[in-house]
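In our numbering, the protein residues as written are 46 to 148.
Note that beta-carbon positions come from the ideal geometry of N, C-alpha and C, so glycine has one too.
A quick note: this is a predicted structure, and the numbers were derived from the prediction, not measured.
Reviewing the structure listed below.
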């Protein structure tokens, strides 16, 4: 699952799995879309969501007992060519809702 139709299309082109477009908001409000019984769930940028607590509770219910949730938010250095002091703007244009750009 991913909130980006472009990334889901790329995954479908590569084959080898089931893929569907679903935002964190949609998943928190309709967890049955994902199924259940997951050993591990990886969620990228999930804690930036305005309703992160509801999403994390939903993800927990989708896990098997003793399952794990991996939360990831990338540091700007991972996309930089060389270190440059200052702010980078993040737009969140692929996320549902009205998000303001942030540095």
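Legend entry - Integer-rounded CB distance, given that residue 88 should sit under 8 Å from residue 116: Between residue 116 and residue 88, the beta carbon gap of about 6 Å places them in contact (Cβ cut-off 8 Å).
Inset, instruction - Could you have a look at residue 71 and say whether DSSP puts it in helix, strand or coil? - result: helix
Inset, instruction - Check whether the Cβ atoms of residue 76 and residue 51 lie closer than 8 Å to each other. - result: no
Inset, instruction - Report the option in 134, 105, 100 whose CA atom is closest to the CA atom of residue 68. - result: 100
Legend entry - Alpha-carbon to alpha-carbon, residue 111 and residue 8: Residue 8 is absent from the structure shown; the chain starts at 46 and stops at 148.
Legend entry - Candidates 74, 46, 90: closest to residue 118 by CA position: 90
Legend entry - Bridge-paired residues (DSSP) for residue 83: 108
Legend entry - Where the alpha helix (DSSP H) through residue 65 begins and ends: For residue 65, there is no enclosing alpha helix (DSSP H), as DSSP marks it with neither H nor E.
Legend entry - Backbone CA spacing between residue 145 and residue 97 [nearest angstrom]: So the alpha carbons of these two residues sit roughly 17 Å apart.
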